[in-house]
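Residue numbers (our numbering), protein chains in the order written: chain A, 446 to 514; chain B, 129 to 376. All C-beta atoms, glycine included, are put in the ideal place defined by N, C-alpha and C. Since the structure is predicted, the reported quantities are computational estimates derived from the model, not experimental observations. Contents: one structure, followed by commentary.
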Amino acid sequence: MSEIALKPIALPAPIPVRELLPWAVFGGLMLMLMIYFVGAEEGATSLIRSMYVHEFVHDGRHLLGFPCH
Amino acid sequence: MVGSLLLRGMLVGIIAGLLAFGFARVFGEPQVDRAIAFEEQQAQAAGEAPEPELVSRATQAGLGLLTGILVYGASIGGLFALVFSYVQGRVSGFGPRGTAVLIALAGFVAIILVPEFKYPASPPSVGNPETIEARTGLFFVMLVMSVATAVASIGLAKRLMPQHGAWNAWIAGGTAYVVVMAVAHYALPPVNEVPEQFSAVVLWNFRVASLGIQAVLWTAIGLMFGAVAERKLVERRGRQSVVRAASH
Ligand SMILES: [Zn+2]
């Protein structure tokens, strides 16, 4: 018993890569697309043909450090 | 487990984004307004007609800024959770809270600070619209290089650690990162499009505000995600030990 009580708290086991991979691929892509819309859409490249997204998030784009006009 | 950590990361990112938005309103917006005033004054002096506003200044500085920072915060929070899910118990031997703080520190240095030294944040009217593609390309080259070099340097330190000890391993890893990034800063072309008459004070304050926004965001994500992840991971272990105790 005393041996168990003195043991430092065990760290959580690593999450298996097999479990992590699908989340990393699909989640990672979705999250980077979100950053793209804040940081670069209708600037250097454009998926939507208007300037609305660019103008709407314009202050954030400059203040978050993305290149702009 | 990964899904619930990802969700928690995004929620933490949104709360951190709210804090960063508050900081941006107080320290960032006055500089943006001054830069836009300069831009309008320059256009007027050149005899150009004022550009039509697609989105009003009030919306840009309010709902637009809020949306931009929240979406960015949620994305960084989510990516943070994915990195944490790989690193916890694998690369880092610390508990969840220590691991989260270290990821936040490494992320802030590699993603924000070091790329910023080469291609700093700039207010409106600093930057030529015709070079936006080249500037965006260089910005992302620097970003990807910094992140890849940081990952490789941490890998190097981990590999040296068993034989050379933690101090020497981290000195070697840190030196490798600094040397590679110094070469990148030296070799990549400079971007200098600050107009002659642009206020140096406004430019400095804008860049400090920009770094401050990121510092608030990354600090809040690191501290809050660590606490949330610990509860999640310890809750699971707690239940297991209760089951074990009950079976005795
Ligand atoms: Zn702009």
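Does DSSP classify residue i as helix, strand or coil?
i	result
P325 of chain B	Per the sequence shown, residue 325 of chain B should be read as Gln rather than Pro. Coil.
E486 of chain A	strand
S220 of chain B	strand
I204 of chain B	helix
G340 of chain B	helix
I493 of chain A	coil
G175 of chain B	coil
Y247 of chain B	coil
C513 of chain A	coil
P252 of chain B	coil
Taking residue i as the reference, give the member of the options with the closest Cα.
i	options	result
L351 of chain B	B:E244, B:L134 and B:V140	B:V140
L478 of chain A	B:E179, B:I204 and B:A144	B:I204
V362 of chain B	B:P318, B:A148 and B:R225	B:R225
R162 of chain B	B:V254, B:P317 and B:F267	B:V254
V211 of chain B	B:G192, B:A232 and B:Y200	B:A232
G206 of chain B	A:R506, A:L474 and A:H514	A:L474
V156 of chain B	B:L331, B:P318, B:R218 and B:K360	In the sequence as displayed, the identity of residue 156 of chain B is Gly instead of Val. Cα-wise, what sits closest to G156 of chain B is B:L331.
L271 of chain B	B:A209, B:A285, B:L316 and B:I239	B:I239
W298 of chain B	B:A285, B:V308, B:A171 and B:Q169	B:A285
Would you mind sorting residue i into buried or exposed? The rule is 16 or more other CB atoms within 10 Å of its CB.
i	result
L508 of chain A	buried
W295 of chain B	exposed
F353 of chain B	buried
T195 of chain B	buried
E181 of chain B	exposed
Step through the CB atoms of chain A and report whether any lies within less than 8 angstroms of the CB of residue i.
i	result
R218 of chain B	yes
S132 of chain B	no
L351 of chain B	no
P257 of chain B	yes
M129 of chain B	yes
A73 of chain B	Outside the shown range of chain B, which is 129 to 376, sits residue 73 of chain B, and nothing can be said about it.
Beta-carbon within less than 6 angstroms of residue i's beta-carbon, same chain only, minus the 5 sequence neighbours each way: which residues are those?
i	result
I164 of chain B	P252
I460 of chain A	none
F236 of chain B	W346
Identify, in the order they occur along the chain, each residue of the same chain with its Cβ nearer than 7 angstroms to the Cβ of residue i, setting aside the five sequence neighbours on each side.
i	result
A485 of chain A	F511
Y305 of chain B	T277, A278 and S281
So that I know if they touch, is there some Cβ in chain B lying closer than 8 angstroms to that of residue i?
i	result
I493 of chain A	no
L474 of chain A	no
F501 of chain A	yes
Report all residues from its chain with a CB closer than 8 angstroms to the CB of residue i; omit the five preceding and five following residues, and keep chain order.
i	result
A249 of chain B	F334, R335, S338 and L339
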